[in-house]
C-alpha cells in the first residue's frame, strides 16, 4: 500500500529517490574583473576630458590666455577647439584600449567572427 503525505511519498517504507544536487553557478569572476577594468578606463578618460574642457577651457582660461600660439590665446583655443579634439582622441584611445581588454579576456570580435564561420 502506498502512503501519501504532503511533503513526500513513500512506498512500502522505501525512501524517495534522491534528487541530483543543484548545479553550481558558473564562475563569473572574470566578468567582474572585466567590468571593473572597463569602468576604471572610463573614469580615467572622463577625468582627462573634464580637466581639459572644464579646467583648461573655463577655470584656467586666464593664465592660459597669456600663452599665444599661432596668434590665438591658448585658453581660448582649449575652450573653442581643444576640448573637442581631445574628446575625439579619447574616443579613439577608448576603442583601442577596449579592443586590447577584449583580447585579454577572450571576448574580442575577431574570435567571435571566426567561430561563426
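Numbering (UniProt numbering), first residue to last: 1 to 117.
In this text, a Cβ means the ideal position worked out from N, Cα and C, and glycines have one as well.
This one's a predicted model, so the numbers in the text were calculated from it and none came from an experiment.
Query                                                                                                                                         : Result
Ordered list of alpha helix (DSSP H) runs contained in the UniProt domain "Sodium symporter small subunit" (31-108), each at least 4 residues : 61-65, 74-77 and 83-105
Residue 110 to residue 96 span [Cα, whole Å]                                                                                                  : 14 angstroms
Nearest candidate by alpha-carbon position, reference residue 102, set 28, 29 and 35                                                          : 35
Spatial neighbours of residue 75 in its chain, beta-carbon cut-off 6 angstroms, leaving aside the 5 residues before and after                 : 61, 64 and 65
Exposure of residue 29, with buried meaning 16 or more beta-carbon neighbours within 10 Å                                                     : exposed
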